[in-house]
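I have placed the structure first, in the form of structure tokens, so that the comments after it can refer back to it.
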């Protein structure tokens, strides 16, 4: 006599049938078990869902595809805007970074330009030439005013502008000496001589000349 | 032969979609909208949310077309995207307090067993109560008729796991049907 099927075997066979998406053919043993076992009969309910699985009740709006396309179009526009904004932000960041870099490096470039000395040196040389000429004239004038014992300090008279790279820097102490010497002796003399002294003083105090001289000194030291 | 032709057609469709051809995009939506919406509906149990997720799924599909494996059919790939969107939405829903009672995609369906006589509707209600992965497998296999192997690749799980989940899902559905008195509610036999 054949041993009746148990529920576990029945479940296995029912699962296999469901896997094959078919309600049959059931084995004779399974059929006999289902007649006897009401609990396993409830499994048969699962076979009922398949014919109605693709239920027509899931109805979409008629314009579903239009809605999706409209939403996709909005999404694309948004993505394009985000991409453009990102690019703009990157460009702006680079621009700002560049400006900051330029600002930070600008003093360096000025210092480099200062170190070249060419424009200031030319200016200084020109001024010294003028002053030297004026001092020569002043010397002549002093002689004409019967002050034969007065002579300009040696430092001034021995200037050799051609041999000095930094004429103004080298001559600053000399100019100071000239200034202080003249101050004592110029009092009795006439205005042109006083003007010469003032020009010497003005040259010493000129900010641009001072700055240039300081740079030269720093470099030399 | 037929399958190769089908795949070739799908490849052409995808190429046209990637070129942003509006007709191709429309064709793609209309070809799969019912499948996507049905899966979303079954997973979300809310027609409005399902519609929104179906739209979102298509947008995600369009954006990801370059990742589609041309050797595999489109439908399972599209459905896996829809399932992922639903999974994310369900996780969000679980985190926020429920503001409305459970809605249903099928307005004609009664939720309670006492008032319902339709077996299919009862099965749907029982499926809605399954845990997420069981519900996904159950719907993909029984509603969408997708084979085990494809479900496995869609869900990135071994076929054995998918089978186990499906068998447990069936057992749970039968148990729910018994609890609702839809089918015989005698003692539940032990399962393997």
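Protein chains in written order, with the working numbering: chain A, 1 to 221; chain B, 1001 to 1192.
Glycine included, every Cβ here is placed at the ideal spot set by N, Cα and C.
For this session: Determine which residues of the stretch 66-90 of chain A have a Cβ less than 7 angstroms from any Cβ of chain B, and write them out in chain order.
Result: The residues in question are 67, 68, 69, 71, 72 and 75.
Problem set entry | Reference residue 46(A); option with closest CA among 1164(B), 1142(B), 1155(B) and 1020(B) | Nearest Cα to residue 46(A) within the set 1164(B), 1142(B), 1155(B) and 1020(B): 1142(B).
Exercise. For residue 1047(B), is the classification buried or exposed, using 16 other Cβ atoms within 10 angstroms of its Cβ as the cut-off for buried?
Worked result: By the neighbour-count definition (other C-beta atoms within 10 Å, threshold 16), residue 1047(B) is a buried residue.
For this session: Below 8 angstroms between beta carbons is the criterion; list the residues of the stretch 28-42 of chain A that meet it against any residue of chain B, in chain order.
Result: For the stretch 28-42 of chain A, the set of positions with a beta-carbon nearer than 8 angstroms to some beta-carbon of chain B reads 37, 38, 39, 40, 41 and 42 in chain order.
For this session: Would you tell me roughly how many angstroms separate the C-alpha atoms of residue 1049(B) and residue 1075(B), rounded to the nearest one?
Result: Rounded to whole angstroms, residue 1049(B) to residue 1075(B) spans 21 angstroms at the Cα level.
For this session: Locate the alpha helix (DSSP H) running through residue 1009(B), then write down its first and last residues.
Result: Per DSSP, residue 1009(B) belongs to the alpha helix (DSSP H) from 1002-1018.
Problem set entry | Residues, ordered as in the chain, of the stretch 1084-1098 of chain B that lie near chain A by beta-carbon distance below 7 angstroms | Those residues of the stretch 1084-1098 of chain B that come within reach of chain A (Cβ to Cβ, closer than 7 angstroms) do not exist; the list is empty.
Exercise. Would DSSP call residue 1130(B) helix, strand or coil?
Worked result: DSSP, read as helix, strand or coil, puts residue 1130(B) in coil.
Exercise. Do residue 1083(B) and residue 1137(B) have their C-beta atoms closer together than 8 angstroms?
Worked result: The answer is no: Cβ separation not under 8 angstroms.
Problem set entry | Sub-8 angstroms separation of residue 68(A) and residue 1055(B) beta-carbons | Yes, Cβ-Cβ distance for residue 68(A) and residue 1055(B) is below 8 angstroms.
For this session: Check the Cβ of residue 18(A) against every Cβ in chain B and list those closer than 7 angstroms, keeping chain order.
Result: Within chain B, the residues near residue 18(A) are 1170.
Exercise. Within the 8 angstroms Cβ cut-off, does residue 1026(B) reach chain A?
Worked result: True, the Cβ-Cβ gap to chain A drops below 8 angstroms.
Exercise. CA-CA distance, residue 31(A) and residue 60(A)?
Worked result: Rounded to whole angstroms, residue 31(A) and residue 60(A) show a C-alpha spacing of 42 angstroms.
Exercise. Roughly how many angstroms separate the alpha carbons of residue 1094(B) and residue 1124(B), rounded to a whole number?
Worked result: Cα to Cα, residue 1094(B) sits roughly 20 angstroms from residue 1124(B).
For this session: For residue 1036(B), count neighbouring Cβ atoms within 10 angstroms of its own Cβ and tell me buried if that reaches 16, exposed if not.
Result: Buried, since its Cβ has 16 or more Cβ neighbours within 10 Å.
Problem set entry | Separation of residue 85(A) from residue 1148(B), as counted between CA atoms | Rounded to whole angstroms, residue 1148(B) to residue 85(A) spans 46 angstroms at the Cα level.
Problem set entry | residue 1092(B), DSSP secondary structure in three states | It is helical.
For this session: Could you tell me whether any Cβ in chain A is nearer than 8 angstroms to the Cβ of residue 1058(B)?
Result: So, interface residue.
Exercise. Can you list the residues of chain B that residue 45(A) reaches, using a CB-CB cut of under 9 angstroms?
Worked result: What residue 45(A) touches in chain B: 1119, 1122, 1123, 1173, 1174, 1177, 1182 and 1183.
Exercise. Which value, in whole angstroms, describes the spacing of the CA atoms of residue 105(A) and residue 99(A)?
Worked result: Going from the Cα of residue 105(A) to the Cα of residue 99(A) covers about 10 angstroms.
For this session: For the alpha helix (DSSP H) holding residue 1035(B), just list the boundary residues, first then last.
Result: Per DSSP, residue 1035(B) belongs to the alpha helix (DSSP H) from 1022-1044.
For this session: Take the Cβ of residue 1014(B) as the centre, count every other Cβ of all protein chains shown within 10 Å, and call the residue buried at 16 or more, exposed below.
Result: By the neighbour-count rule (16 or more Cβ atoms within 10 Å), residue 1014(B) is buried.
Exercise. If you measure from the beta carbon of residue 1029(B) to each beta carbon in chain A, is any gap under 8 angstroms?
Worked result: At least one chain A Cβ lies under 8 angstroms of residue 1029(B).
For this session: Taking only the alpha-carbon atoms, compute the straight-line gap between residue 42(A) and residue 1166(B) and give it to the nearest angstrom.
Result: Going from the Cα of residue 42(A) to the Cα of residue 1166(B) covers about 17 angstroms.
Exercise. Got a sec: is the Cβ-Cβ distance from residue 15(A) to anything in chain B below 8 angstroms?
Worked result: Closer than 8 angstroms to some Cβ of chain B, the Cβ of residue 15(A) qualifies, so yes.
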